Structure formats: structure tokens, C-alpha cells
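Line order of the protein sequences matches chains A and B. The first sequence: position 109 = 1186 (our numbering), numbered continuously. The second sequence: position 53 = 61 (our numbering), numbered continuously. All C-beta atoms in this analysis are idealised placements derived from N, C-alpha and C, irrespective of residue type, glycine included. Every value quoted in this text rests on a predicted model; they were computed, and no experiment measured them.
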Amino acid sequence: GENVEQHPSTLSVQEGDSAVIKCTYSDSASNYFPWYKQELGKRPQLIIDIRSNVGEKKDQRIAVTLNKTAKHFSLHITETQPEDSAVYFCAASTGYSSASKIIFGSGTRLSIRP
Amino acid sequence: AAGVIQSPRHLIKEKRETATLKCYPIPRHDTVYWYQQGPGQDPQFLISFYEKMQSDKGSIPDRFSAQQFSDYHSELNMSSLELGDSALYFCASSTRRGANTIYFGEGSWLTVV
């Protein structure tokens, strides 16, 4: 089955700097890669996603890149703000198949230093 | 917009008791997923249903069972509860008729004492 590895497990950046979180996946059939932000005790909230027919996607300060050959995908947050502090999960899924569950990475705890 | 509704939000049970969690997916969503998240852990996939049929199974213990009903709501039944079952249980839903984006409910906190 799919296995998603995520690093780093913790990341501390100065407010205003950029943060990068990286993930790798094992199942070459995976074609959908969402990123979720989770605050303590709350539900994962989708912040951006990318499908395998796209190499990069951007939404304001957040961007995601995908390298299908290397099975890598990354989240980039620019101009970080205190409200960006949370746990971020990458995930992978086979998207439109009959059982498109998403498998999460182990999470990155991002802290923004004022 | 309507979201995934889970109930109860908090539940306290004793060891060996039984608990039932309910999930109401976003209207017109045909797929429901259950995830278990322990403290400091990533969400672990338990089971999913598509059009009321089980479609995939993850790390769901044999003591747990789930089903999806004709109105698409789903229930997760947990029996012979153990202390290690204490976790946040998320239900999520999606539809294959659209982008298949998966949306999570607020979660149900289960504490086993």
C-alpha cells in the first residue's frame, strides 16, 4: 500500500521567512496530493492540493510542487505569519479510483517565531 | 456551506464498554471515510464506504465495525473498548462526481477510562 514520508517533523522559522516541508510517496499510482493544516484538537483543513497532471500550483502565499518521477512533493509557505503556526500534513491518494482513501504523512509542527 | 457533521463531539466510556459514533456527510457526497488520530499522531485510515458499500479497509481493529446507511450517514461501532482506543475520530466525505476532495468533520473525542 501507499506510504508517505514527511520531513522535517518540526520546523521553526522567523516571521516573514519562508517554510518548506517535503514529502515522498511510494505508490506510483498516486495522483492526488492534498496538504492539510491542523490546529490542536481541530480537524485537518485542506489548504492546497495538486494533481499529477500539474507540476506546480500556487495560492497566495502557499505553493506546492510535484515531481512525479522522483515521487516527491513539497509545500512552500512564503512571508510566514504567526497564524501559520500549526501541524501540516501531506497526503497522497489514487484520486479517482474505486477506493481513494488518502494516506497521511507523519506531520510537521511549524512554529513561527515573532 | 454544509459540512461533515459528527456526533457526539465528546464521549467518555469505561473499558470493555461499547461506543457508537455517527457521521453525516456533506449532502450529495457518496463516499465516507473514518480516521483515528491519537495524541501527537497523524490520522490513521480505518475504513471507507462508497455508495453504502465498504470500499477499503485500513487499520481498523476487529472489535470495530462500521456501515453506511441508505441516507449516506455512517456509524462506527466500537466494542470491548480499550484504553488505547482513546483518540480523536474523524469522519470525512467526498464525491467522485467532482474533484474528489476530501473534507473532514470536527471529530469525536473518545476517552476510555
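Item checked: Cutoff 7 Å; reference Ser94 (chain B); Cβ partners in own chain excluding five residues on either side -> Reading the second sequence from its first residue, position 86 is the one you call residue 94 (chain B). The residues are Leu118, Thr119, Val120.
Margin query: I'd like the list of long-range same chain contacts for Thr1142 (chain A), defined as Cβ closer than 6 Å, with 5 residues on each side in sequence excluded.
Written below: By 1-based counting over the first sequence, the position of residue 1142 (chain A) is 65. These residues qualify, in order along the chain: Glu1133, Ser1151.
Next item on the list: State yes or no: is the beta carbon of Arg1138 (chain A) nearer than 9 Å to at least one beta carbon in chain B?
Entry: For the purposes of this step, residue 1138 (chain A) is identified with residue 61 of the first sequence, where counting begins at 1. It does not; no Cβ of chain B falls within 9 Å.
Margin query: Quick check on Leu89 (chain B): does DSSP put it in helix, strand or coil?
Written below: Looking up residue 89 (chain B) in the second sequence gives position 81. Leu89 (chain B): coil per DSSP, three-state reduction.
Notebook entry, point to check: Hey, how far is the Cα of Ser1175 (chain A) from the Cα of Ser63 (chain B)?
Noted result: As a working mapping, residue 1175 (chain A) is identified with position 98 in the first sequence. As a working mapping, residue 63 (chain B) is identified with position 55 in the second sequence. Note that Ser1175 (chain A) scores 48 on pLDDT, short of 50, meaning its location in the model is unreliable and no value can be drawn from it.
Next item on the list: Measure the C-alpha to C-alpha separation of Pro1191 (chain A) and Pro1085 (chain A) and round it to an integer number of angstroms.
Entry: Indexing the first sequence from 1 puts residue 1191 (chain A) at position 114. Indexing the first sequence from 1 puts residue 1085 (chain A) at position 8. Cα-Cα distance, rounded: 21 Å.
Checklist line | Three-pair Cβ contact test at 8 Å for the region 1158-1170 of chain A versus the region 1106-1117 of chain A | finding: Yes: at least three Cβ pairs fall under 8 Å.
Next item on the list: Have a look at A:Ile1139, A:Ile1180, A:Thr1185, A:His1149 and flag the residue whose alpha-carbon is nearest the alpha-carbon of Ser1095 (chain A).
Entry: On the first sequence, position 18 is the one that residue 1095 (chain A) refers to. It is A:Ile1139 whose Cα lies nearest to the Cα of Ser1095 (chain A).
Note to self: Any beta carbon of chain A sitting closer than 9 Å to that of Tyr5 (chain B)?
What the structure shows: What is shown of chain B runs 9 to 121, which leaves residue 5 (chain B) out entirely.
Note to self: According to DSSP, is Asp38 (chain B) part of a helix, a strand, or is it coil?
What the structure shows: Mapped onto the second sequence, residue 38 (chain B) falls at position 30. Assigned with DSSP and collapsed to three states, Asp38 (chain B) falls in coil, not helix or strand.
Notebook entry, point to check: chain B beta carbons: is any one of them nearer than 9 Å to that of Leu1187 (chain A)?
Noted result: Within the first sequence, residue 1187 (chain A) is the residue found at index 110, counting from 1. Chain B contact via Cβ: absent.
Next item on the list: Could you name the residues of the region 62-77 of chain B whose beta carbon sits closer than 8 Å to any beta carbon of chain A, in the order they occur along the chain?
Entry: Answer in chain order: Ser63, Asp64, Gly66.
Notebook entry, point to check: Are any of the Cβ atoms in chain A nearer than 9 Å to that of Ile110 (chain B)?
Noted result: Residue numbering aside, residue 110 (chain B) sits at position 102 when the second sequence is read from its first letter. Using a CB distance cut-off of 9 Å, Ile110 (chain B) counts as an interface residue toward chain A.
Next item on the list: Provide the residue span of the beta strand (DSSP E) that contains Asn1144 (chain A), from first to last.
Entry: Numbered from 1 along the first sequence, position 67 holds the residue referred to as residue 1144 (chain A). Taken as a continuous stretch (DSSP letters only), the beta strand (DSSP E) holding Asn1144 (chain A) covers 1139-1144.
Note to self: Could you tell me the alpha carbon to alpha carbon distance between Gly1093 (chain A) and Gln1137 (chain A), rounded to whole angstroms?
What the structure shows: As a first step, residue 1093 (chain A) must be located in the first sequence, where it is residue number 16. As a first step, residue 1137 (chain A) must be located in the first sequence, where it is residue number 60. If you draw a straight line from the Cα of Gly1093 (chain A) to the Cα of Gln1137 (chain A), it comes to about 14 Å.
Notebook entry, point to check: In or out: Ile110 (chain B) buried (at least 16 other Cβ within 10 Å) or exposed?
Noted result: The residue you call residue 110 (chain B) lines up with position 102 of the second sequence. Burial check for Ile110 (chain B): the Cβ neighbour count within 10 Å reaches 16 or more, so the residue is buried.
Next item on the list: My understanding is that Leu54 (chain B) touches Tyr43 (chain B), with C-beta atoms under 8 Å, so please give their C-beta distance in whole angstroms.
Entry: The sequence position of residue 54 (chain B) within the second sequence is 46, counting from 1. The sequence position of residue 43 (chain B) within the second sequence is 35, counting from 1. Tyr43 (chain B) and Leu54 (chain B) do touch by the CB rule: their CB atoms are close to 6 Å apart, below 8 Å.
Next item on the list: Determine which residues of the region 1131-1158 of chain A have a Cβ less than 9 Å from any Cβ of chain B, and write them out in chain order.
Entry: With the criterion set as a beta carbon lying under 9 Å from some beta carbon of chain B, the region 1131-1158 of chain A has no members that meet it.
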